[in-house]
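Notes for the one structure printed next.
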Amino acid sequence: MARGRGFERVPWFETFGDDTRMVRYDSDRQDSVVIDHDRVRPTSKVDFGRGGAWMGRARVCVLGSANMDLVVFADRAPASGETVAGRRFVTIPGGKGANQAIAAARAGGEVSMVGAVGADPYGDEIRAVLAGAGVGVEGVARVEATTGTAHILVEDSGDNSIVVVSGANGTVHDPVAGLDAALEGAEFLLLQLELPMDAVVAGARAAQAHGVKVVLTPAPASPLPPDLLDNVDLLVPNEHEAGILTGKDAPEAAASALLDVVPEVVVTLGARGARWLRRDGGGDHLPAPRVEVRDTTAAGDTFVGALAVALGEGRPMPAALRWAGAAAALSVQREGASTSMPTRDEIDRFDRDFSRSSGHQGGR
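Using our numbering, read the sequence shown as starting at 3 and increasing by one per residue.
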């Protein structure tokens with residue numbers, strides 16, 4: 003089999019203490035492999051593009067992180083060695099897994115989550131917020147570790163920077179307790195990379211064994227092992243993550259390179275919308291609504307959660323992307339992660355208004 007395009011640069015993690023990670027980037031370091039181009043996966047039998055008749059309420063399982071977000075709002079981020087004054091501090095339940103679960107539930111999905119929190123007040127609050135949003139929490143274990151935290155700085159521009167302390171999330175390993183039960187009857191499994199990689203791989207394998215479609219958000223960007231990629235149906239990186247994974251700056255080129263290893267890719271482009279590509283040649287560019295941005299935290303998670311619901315209801319990919327884009331556009335106009343996520347009625351109303359004003363067809 004011919005080799006695909008080579009990836010020139012590779013990301014890697016530097017670890018501080020037991021469970022604090024920051025993504026660093028080194029173009030000269032070659033001791034990790036992002037993908038194995040000799041293992042190109044066949045085109046998926048899943049067809050996200052055509053959609054079909056209304057299929058009822060979408061059933062979504064999320065295997066992922068649950069954190070307490072510790073959020074500081076300031077005019078700007080400090081330079082190295084500099085101190086700046088913050089205006090406000092809040093704590094909000096978050097984590098990419100919990101965010102996607104809440105987003106999908108508020109968008110109308112029947113959602114269950116699998117993960118872990120600490121046996122502490124933060125963990126109790128996270129479980130309560132998930133349950134209050136309609137997420138099944140039977141698979142969210144309480145363990146003897148501190149609940150994961152995300153330390154977030156939100157600038158006036160709406161941009162943010164985040165340092166994650168894994169905490170209880172780092173205790174989730176293969177075999178993942180409660181996963182098989184949560185996958186029963188599900189249509190989609192949503193995965194991210196804030197849990198240990200062996201748990202993520204185990205989740206993808208289990209989903210395929212149950213006939214459940216796997217959607218992976220490769221964040222934080224990290225080398226993706228073949229055992230994971232072999233079981234991914236849809237990869238949803240943002241343009242920064244796509245660039246790190248492929249070494250290509252242009253989103254179109256990065257998405258094309260990723261099709262060497264997964265059958266379908268959606269690259270989110272922030273204010274420029276999203277680029278969808280299929281290995282069989284299909285695809286589209288979907289514009290984003292123009293809105294006033296207050297806080298971009300969890301906009302990507304909102305997008306993915308809403309996208310899974312839309313696809314699970316039988317919408318074709320272009321309509322599903324527009325609907326998910328409407329959800330993300332609503333979220334960036336509000337502060338916080340889980341607190342910013344819109345309800346189904348809000349998404350429907352915004353999608354209809356955007357479709358009328360832009361000439362793009364909304365709905366199913």
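All residues carry an ideal CB built from backbone N, CA and C; glycine is no exception.
query	result
Give me the residue from 338, 277, 357 and 345 with the minimum Cα distance to residue 96.	338
Relative to the C-alpha of residue 117, which candidate in 126, 144 and 107 has its C-alpha closest?	144
Please list, in chain order, all residues of the same chain as residue 92 whose beta carbon is under 6 angstroms from its beta carbon, the five residues on each side excluded.	73
Report the three-state DSSP secondary structure of residue 176 (helix, strand or coil).	coil
Identify every run of the alpha helix (DSSP H) within the stretch 100-174, keeping only runs that are complete inside it and at least 4 residues long; order them along the chain.	123-134
Might you give, ordered along the chain, the residues of its own chain that have their beta carbon closer than 8 angstroms to the beta carbon of residue 210, omitting 5 neighbours on each side?	216 and 233
Would you mind working out which of 224, 180 and 227 sits nearest residue 208, comparing C-alpha positions?	180
Tell me whether the stretch 153-161 and the stretch 295-310 touch, counting them as touching only if at least three CB pairs, one residue from each stretch, are closer than 8 angstroms.	yes
Over what stretch of residues does the beta strand (DSSP E) that includes residue 95 continue unbroken?	88-96
Specify the secondary structure class of residue 277 as computed by DSSP and reduced to three states.	strand
Could you tell me the distance, in whole angstroms, from the CA atom of residue 261 to the CA atom of residue 281?	6 angstroms
Any chance you could list the alpha helix (DSSP H) runs of at least 4 consecutive residues sitting entirely within the stretch 221-254, in chain order?	228-231 and 241-248
Strictly by DSSP, which residues pair up with residue 285?	279
State the start and end residues of the unbroken beta strand (DSSP E) segment that holds residue 455.	Since the first residue shown for the chain is 3 and the last is 366, residue 455 is missing from the structure and cannot be characterised.
Does the beta-carbon distance from residue 66 to residue 75 come in below 8 angstroms?	no
Taking buried to mean at least 16 other C-beta atoms within 10 Å of its own C-beta, is residue 110 buried or exposed?	buried
Three-state secondary structure (DSSP) at residue 346?	helix
Inspect the beta-carbon positions of residue 189 and residue 284 and report whether they are closer than 8 angstroms.	no
Whole angstroms are fine: how far does the CA of residue 68 sit from the CA of residue 331?	23 angstroms
Residues in the same chain with beta-carbon distance under 6 angstroms from residue 346, minus the five sequence neighbours each way, listed in chain order, please.	109 and 110
May I ask you to report which of helix, strand or coil DSSP gives residue 188?	coil
Tell me the rounded alpha-carbon separation between residue 214 and residue 132.	22 angstroms
Contact check, residue 142 vs residue 107 under 8 angstroms by CB: the rounded distance?	Not confirmed; about 13 angstroms, so no contact.
Excluding the five sequence neighbours on either side, which residues of its own chain have a C-beta within less than 7 angstroms of the C-beta of residue 178, listed in chain order?	65, 116, 201, 204 and 205
Who are the near neighbours of residue 257 in its chain, counting only those whose CB is closer than 7 angstroms to its CB and skipping five residues on each side?	244, 267, 269, 277 and 279
Bridge partners of residue 216, per DSSP?	191
Just checking my contact of residue 275 with residue 327 at CB under 8 angstroms: how many whole Å lie between their CB atoms?	6 angstroms
Using DSSP's beta-bridge definition, name the partner residues of residue 71.	94 and 152
Taking the continuous alpha helix (DSSP H) assigned at residue 207, which residues delimit it?	199-211
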